[in-house]
Amino acid sequence: MKKITAIILIILALVMFYLSYKIGGLPPAITGLGFIAIAVVFLNEK
């Protein structure tokens, strides 16, 4: 279950990076970085 959640978070992070690029704003990129960090934690848990 945590793997699926991590994959969804990575996809959402990519969408946020795209939105950040499209609008030229920083907040979506910061949110994307947070999603990546949470996904890494989920993937590293045993």
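Here the sequence shown is numbered in the numbering used here, starting from 3 and rising by one per residue. All C-beta atoms in this analysis are idealised placements derived from N, C-alpha and C, irrespective of residue type, glycine included.
Residue i (DSSP reduced to helix, strand or coil)
i	result
Met3	coil
Leu28	coil
Nonlocal neighbours in the same chain, by C-beta distance under 8 Å from residue i, ignoring five residues either side
i	result
Leu58	Given a span of 3 to 48 for the chain in the structure shown, any question on residue 58 remains unanswerable.
Glu47	Lys4
Sequence-distant residues of the same chain with beta carbon closer than 6 Å to residue i, five excluded per side
i	result
Ala41	Ala8, Leu11, Ile12
Given residue i as reference, the closest of the options once Cα atoms are compared
i	options	result
Val17	Gly26, Ala31, Asn46	Ala31
Pair within 8 Å by beta-carbon distance, residue i and residue j
i	j	result
Phe37	Lys4	no
Neighbourhood of residue i by C-beta, 7 Å cutoff - its chain only, sequence neighbours within 5 removed
i	result
Thr33	Met18
Residue i: CB within 7 Å of a non-hydrogen atom of the ligand GDP
i	result
Lys5	With respect to the ligand GDP, the structure offers nothing, as it holds no ligand at all.
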